[in-house]
Amino acid sequence: MPGRTEVEQLQKIFELCGSPSEEFWNLSKLPYATLFKQQRRHKRCIAEIFNNSPPSLLPLIENLLAIDPAERQSATAALTREFFTTEPYACDLSNLPQYPPSKEMDAKPREANARSFVIGYMTSFFDLPVGSIFRILSLASPQDVCRVSVVSSAFHFAADSDCVWKGFLPSDHEEILSRASCAISFSSMKELYFRLCNSIPIDNSRKVFSLDRSTGKKCYMFCARELGISGLHDVKYWSWMSVPAFGSAQGVKAKEVWYLSIKCKINSNMLSPRTTYTALLVLRYEEDHIGLDVRPADVRVECGSQRLNGKALLYQNKELMELWTPVQIPIQRKDGWVEIELGDFFTGVGDEEVKMALEDKYTSTPKSRFVIIGIEVRPKKIS
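Here this note's numbering is used: the sequence shown runs in plain steps of one and ends on residue 616.
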């Protein structure tokens, strides 16, 4: 059931097969579950769509298209259904291919043939002309190119070439470099690639740009001056401070905040297309901070028709973690800062508005003595 995006494709599946149960969405190992959850629940309409099917076929289709695993039989069990065991059969059984059980096949000849094929393939692979190696490496990932550079002298030469590494840079990298807060010097496209992996402040240090080291996907930190923060320009509530860890970018320190609202709005064409991104609030606590462990804040991410709402703790609190489930919790970063996940979204090939927000409107305790550097948007890591 094709769709223009994963969300649209799942929408069509749910319209036919019905929406999953709430228990299904809460499975922790289900990737991106809440990202694709529909606001409206759909009832299964398989019987209406396949109403002209033979009586023995309809129960089989309903079983095989069941969304919840508990309702869906295995393929072995499905083969015992009436549709496959009563005449007239769907096809002539004598025409079906027959395969010997794998345990009766001789494993040694298979292994020898596979080994011979691999050796012959790799020998011919290393004899390829340099131009062909360039083409192959341009289709690989930056991480893979670094790995194969030690294979042979031809690979090492190709893996360091500008034409390969320029292909890993964003098509608008020259425009991004023109917005850098300080001049970026480099002697090769490979050096520029890894220079950008270490992040550069752009747009008068209101943003920090970087590349994901393993994939070359775009990453952004939208610093505090780029965010919509409630009461930001009132010195009673916030004060500005330099953040050396992020170059010339500035963070904002909370003095006494009752109503906390942090919002950011961007266009998806700033990012890499066809990529699942994660939005995260990056902050740091001071030792005497107060008011951050009273109740979870509301978080949300929107991108076109995608909408994801959730809860997030501003500070780890075991009681709140048990009371509010599921809830995002602060994670310590390697650079000493803390990040709180706001949600995920998928970028297509068009240009859509992306909105990210964290809000805590209902509190009887002021929040103070924590520093916000910004909202980071980076490709989601698939574990």
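C-beta atoms are modelled at their ideal positions from N, C-alpha and C, and glycine is treated no differently.
So the alpha helix (DSSP H) Val378 belongs to, where does it begin and stop?
Per DSSP, Val378 belongs to the alpha helix (DSSP H) from 375-381.
Express the C-alpha separation of Pro434 and Gly480 in angstroms, rounding to a whole number.
When rounded, the distance between both Cα atoms is 7 Å.
Leu293 to Phe247, Cα distance in whole Å?
Leu293 and Phe247: Cα-Cα distance of roughly 18 Å.
Which of helix, strand or coil does DSSP assign to Phe350?
Any answer about Phe350 is weak, because its pLDDT of 49 lies below 50 and its placement is not dependable; what the coordinates show is given next. Three-state DSSP puts Phe350 in a helix.
Report the partner residues of Cys456 according to the DSSP bridge assignment.
Paired residue(s): Gly607.
Measure from the alpha carbon of Phe579 to the alpha carbon of each residue in Arg528, Arg540, Val378, then state which is nearest.
Closest by alpha carbon: Arg540.
Buried or exposed: Pro288, going by 16 or more other Cβ atoms within 10 Å of its Cβ?
Looking at its Cβ environment, which holds fewer than 16 other Cβ atoms inside 10 Å, Pro288 is exposed.
Are Lys594 and Thr509 touching if we call contact CB-CB under 8 Å?
Cβ atoms of Lys594 and Thr509: not closer than 8 Å.
Determine the DSSP secondary structure at Gln244, reduced to helix, strand or coil.
In the structure shown, Gln244 sits in a helix (DSSP, three-state: H, G or I).
Could you give the distance in angstroms between the alpha-carbon of Ser501 and the alpha-carbon of Gly583?
Looking at the two C-alpha atoms, the distance is approximately 8 Å.
Taking C-beta to C-beta, are Gly576 and Val532 nearer than 8 Å?
Yes, Cβ-Cβ distance for Gly576 and Val532 is below 8 Å.
Suppose contacts are defined by Cβ-Cβ distances below 8 Å. Is Leu546 in contact with Val560 by that definition?
Contact flag set, yes.
Going by DSSP, which residues form a beta bridge with Tyr518?
DSSP lists Phe603 as partners of Tyr518.
Three Cβ pairs or more, each shorter than 8 Å: is that satisfied between the stretch 478-494 and the stretch 599-606?
A contact exists between the stretch 478-494 and the stretch 599-606.
Helix or strand or just coil, what does DSSP make of Phe579?
Strand at Phe579.
Sorted by chain position, which residues of the same chain lie with C-beta nearer than 7 Å to Asn437's C-beta, five sequence neighbours on each side aside?
Result list for Asn437: Ser414, in chain order.
CB-CB under 7 Å to Ala478, same chain, minus the five flanking residues each way: which ones, in chain order?
Same-chain partners within the cutoff: Asp568.
Taking only three categories from DSSP, how would you classify Val468?
If DSSP states are grouped into helix, strand and coil, Val468 belongs with coil.
Less than 8 Å separating the beta-carbons of Ser443 and Ser374?
Against a cut-off of 8 Å, the Cβ pair of Ser374 and Ser443 comes out as no contact.
How about Val397 and Ser371: do their beta carbons lie closer than 8 Å?
A contact, by the Cβ cut-off of 8 Å.
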